[in-house]
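Below you'll find the structure, written out as structure tokens, and then a few comments.
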Amino acid sequence: QENNIPIQQVPAGKLNSLSRGNHQGCIALSALVEYMNLQQVIDQVVGRGEVPLFIMLDGITDVRNIGGIARTAICCGVQAIIVPDKGIAALNEDAMKASAGALEKINVCRVGSLLKAADELHMNGIQVFTSEMKATKSLLDVSFREPCCVVMGNEEKGVQPYLTKAADEHFAIPMKGDFDSFNVSVATGIILFEAMKQRLQTTA
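Numbering (this note's numbering), first residue to last: 1 to 204.
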């Protein structure tokens with residue numbers, strides 16, 4: 001009410017018809033993700049005097065992972081998420097719910113080609129990094145202090161080869177034990193925390 005958002009009381013049956021999950025007695029109707037132009041976002045970020053930190057999602061098909069990634073990204077200072085127009089989970093109401101509203105607050109740039117997006121990043125002085133299990137370089141040896149974009153692939157196939165070839169740096173998250181992979185949302189969180197830590201140390 002303070003923000004002039006209309007509130008309407010309706011029977012429980014109406015809520016049940018609008019929601020496929022547990023609505024907990026309340027539903028908010030809002031527009032889905034508003035996609036931004038990548039170059040415009042880059043210009044805005046640089047214009048504010050910030051160092052670009054973006055993530056690119058390659059083949060992430062689980063809306064819960066996308067939602068979790070968006071929540072982590074916004075908490076770690078990521079200014080934009082780059083997604084392809086095909087081969088990714090729909091950024092629908094399920095993704096919005098999983099993100100706890102983060103997808104409404106962070107810039108989401110939808111592009112026709114991730115490779116062309118990588119080229120556009122390079123033209124703007126933004127390095128492209130890929131996270132890959134077989135990389136020989138450790139995450140802990142990578143500098144995130146300069147403008148960069150981290151590409152995250154899906155858990156089954158990883159980053160597509162053409163993006164790996166286009167990337168400036170490849171790294172792996174160090175692991176112990178006999179299990180060989182993180183969930184992509186968890187992996188993104190580990191990487192972005194390292195990036196945020198480095199940037200906070202730089203500004204301290």
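Heads up, the beta-carbon is just placed ideally off N, CA and C, and yes, glycines get one too.
Q.
Rounded to the nearest angstrom, what separates Q160 and S99 at their Cα positions?
A. On the sequence shown, position 160 is the one that residue 160 refers to. On the sequence shown, position 99 is the one that residue 99 refers to. Between Q160 and S99, the C-alpha separation is close to 25 angstroms.
Q. Nearest-angstrom Cα distance between D119 and P52?
A. Translated into positions along the sequence shown, residue 119 becomes position 119. Translated into positions along the sequence shown, residue 52 becomes position 52. Each residue's Cα considered, the two are about 15 angstroms apart.
**Q.** Cβ neighbour criterion (16 or more within 10 Å) applied to D85
**A.** The residue labelled residue 85 in the question sits at position 85 within the sequence shown. Around the CB of D85, fewer than 16 other CB atoms lie within 10 Å, so the residue is classed as exposed.
Q | Beta-bridge pairing of T130 - partner residues as DSSP gives them | A | The residue labelled residue 130 in the question sits at position 130 within the sequence shown. Bridge partners of T130: V151, H170.
Q: Answer with buried or exposed for A167, where buried requires no fewer than 16 other C-beta atoms within 10 angstroms of its C-beta.
A: Within the sequence shown, residue 167 is the residue found at index 167, counting from 1. A167 should be labelled buried.
Q: Just the C-alpha distance for P208 and N22, rounded to the nearest angstrom, thanks.
A: Examination of residue 208 is not possible in this model, given that the chain is present from 1 through 204 alone.
Q.
Going by DSSP, what residue range makes up the beta strand (DSSP E) through N107?
A. As a working note, residue 107 is residue 107 in the sequence shown. 107–111 is the span of the beta strand (DSSP E), which, as asked, contains N107.
Q) So what does DSSP say about A80, is it helix, strand or coil? A) Against the sequence shown, residue 80 aligns to sequence position 80. In the structure shown, A80 sits in a strand (DSSP, three-state: E or B).
Q) Which of helix, strand or coil does DSSP assign to G25? A) Within the sequence shown, numbered from 1, the residue matching residue 25 stands at position 25. Coil at G25, not helix or strand.
Q: Take M133 as the anchor and find which of G112, I74, F182 has the nearest alpha-carbon.
A: To locate residue 133, count along the sequence shown from 1; it is residue 133. Closest by alpha carbon: F182.
Q: Evaluate contact between the region 41–52 and the region 73–80, counting only Cβ atoms and requiring at least three cross-stretch pairs below 8 angstroms.
A: yes
(Q) Here's the rule: buried if 16 or more other CB atoms are within 10 angstroms of the residue's CB, otherwise exposed. What is G158? (A) For the purposes of this step, residue 158 is taken as the residue at position 158 of the sequence shown. Buried.
Q: Please report how far the alpha carbon of Q24 lies from the alpha carbon of I74, in whole angstroms.
A: Sequence index remark: in the sequence shown, residue 24 carries index 24 (1-based). Sequence index remark: in the sequence shown, residue 74 carries index 74 (1-based). Q24 and I74: Cα-Cα distance of roughly 25 angstroms.
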